[in-house]
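Residue numbers (the UniProt record's numbering): 1 to 226.
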C-alpha cells in the first residue's frame with residue numbers, strides 16, 4: 001500500500017522555510033551594513049575631520065571582517081544559530097547608533113564590531129545554505145546576494161531625504177559659473193539665495209545628528225526582529 005512520507009515532506013518544507021528566512025534576513029543585513037556608506041560625508045562634517053580619518057572606518061571594518069571568519073572554528077563548541085542571532089543584534093545596534101557616537105575612537109570600535117559580526121553572519125549563512133541544498137545551493141546563494149543588493153538600494157532611497165552632504169562643496173564654481181542661470185532649476189536652495197540676495201547655506205547651518213538619528217533608530221527597530 002502506498003504510504004505518505006510525512007517526515008520527508010516536513011523536512012522539505014522546513015528547508016524552504018529556513019531558506020526564505022535566510023533570504024529575508026540577508027535583505028535586512030544589506031540595509032544595516034550599507035548605512036554608513038550613505039552618511040560618510042555627513043559624519044565627516046559632524047566630527048569636523050578629514051575624509052581620510054572617516055575612510056579608516058571601512059579599513060577597520062575590513063579588519064573586523066577578517067577576524068570574524070575565525071569564529072567558524074568555535075562552532076563545535078557553540079550553537080551556530082545562537083551566535084548568528086547575537087551577532088545580528090549587535091550589528092543592528094552598532095549601526096543604528098552611528099549618528100549618536102560621541103567621537104572617532106568610539107566610531108572605530110563600532111567599525112570593528114560591525115565588520116566582525118557581518119563576517120560571522122555571512123559565513124554562517126553560506127555554510128547553512130550549502131548544508132541544506134548541497135549541489136543545488138548555487139541559485140540560493142545568488143538569491144541571497146540579490147537580496148543583499150536590494151537591501152543596500154532600499155536604504156539609500158530611505159536615507160536620501162535626511163542626508164545633507166557637503167553644501168559648501170563647489171561653492172565658488174556655483175556662484176561664478178551658475179549665477180547667470182539662476183531660476184532654471186539648477187539648485188532650488190542656491191537659486192533662492194541668489195535671487196533674494198541672501199547668503200548661501202553653510203555646513204554649520206544643519207544639525208546632522210538630529211536629522212540622521214530618527215531614521216537610523218527606526219531602521220534599527222524595524223530590522224532587529226530579524
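The beta-carbon is built from N, C-alpha and C at its ideal position, and this holds for glycine as well.
Predicted model, so just to flag it, every value in this text is computed and none were measured.
Beta-carbon gap between residue 92 and residue 22 smaller than 8 Å: Numbered from 1 along the chain shown, position 92 holds the residue referred to as residue 92. Numbered from 1 along the chain shown, position 22 holds the residue referred to as residue 22. Cβ atoms of residue 92 and residue 22: not closer than 8 Å.
Nearest to residue 127 (by Cα), restricted to the options 55, 54, 75, 42: Start at 1 with the first residue of the chain shown, and residue 127 comes out as number 127. Looking at the Cα atoms, 75 is the closest of the given residues.
Short Cβ contact (8 Å threshold) for residue 215 with residue 158: On the chain shown, position 215 is the one that residue 215 refers to. On the chain shown, position 158 is the one that residue 158 refers to. Inclusion of residue 215 and residue 158 in the CB contact set at 8 Å is warranted, their separation being smaller than that value.
With 16 other Cβ atoms within 10 Å as the buried cut-off, status of residue 145: Translated into the one-based positions of the chain shown, residue 145 becomes position 145. So residue 145 counts as exposed.
CB contact flag (residue 120, residue 84, <8 Å): The sequence position of residue 120 within the chain shown is 120, counting from 1. The sequence position of residue 84 within the chain shown is 84, counting from 1. In this structure, residue 84 lies closer than 8 Å to residue 120 by Cβ.
7 Å CB neighbourhood of residue 110 in its chain, flanking five on each side removed: Residue mapping note: residue 110 aligns to position 110 of the chain shown, counting from 1. Cβ within range, chain order: 94, 98, 101.
Residue span of the alpha helix (DSSP H) that contains residue 42, given as start and end: By 1-based counting over the chain shown, the position of residue 42 is 42. Per DSSP, residue 42 belongs to the alpha helix (DSSP H) from 35-47.
CB contact flag (residue 61, residue 114, <8 Å): Here residue 61 refers to the residue found at position 61 of the chain shown. Here residue 114 refers to the residue found at position 114 of the chain shown. Contact: yes.
Distance, residue 86 Cα to residue 148 Cα: The residue labelled residue 148 in the question sits at position 148 within the chain shown. The residue labelled residue 86 in the question sits at position 86 within the chain shown. For residue 148 and residue 86, the distance between alpha carbons rounds to 20 Å.
Cβ separation of residue 45 and residue 208, assumed to be a contact under 8 Å, to the nearest whole Å: Locating residue 45 in the chain shown gives position 45, counting from the first residue. Locating residue 208 in the chain shown gives position 208, counting from the first residue. With a Cβ gap of about 6 Å, residue 45 and residue 208 count as contacting.
Contacts around residue 68, its chain only, beta-carbon distance under 6 Å, and the 5 residues preceding and following it disregarded: By one-based count along the chain shown, residue 68 stands at place 68. Hits under 6 Å: 116, 119, 120.
Per-residue DSSP class, three states only, for residue 50: The count along the chain shown starts at 1 and reaches residue 50 at position 50. Correct three-state label for residue 50: coil.
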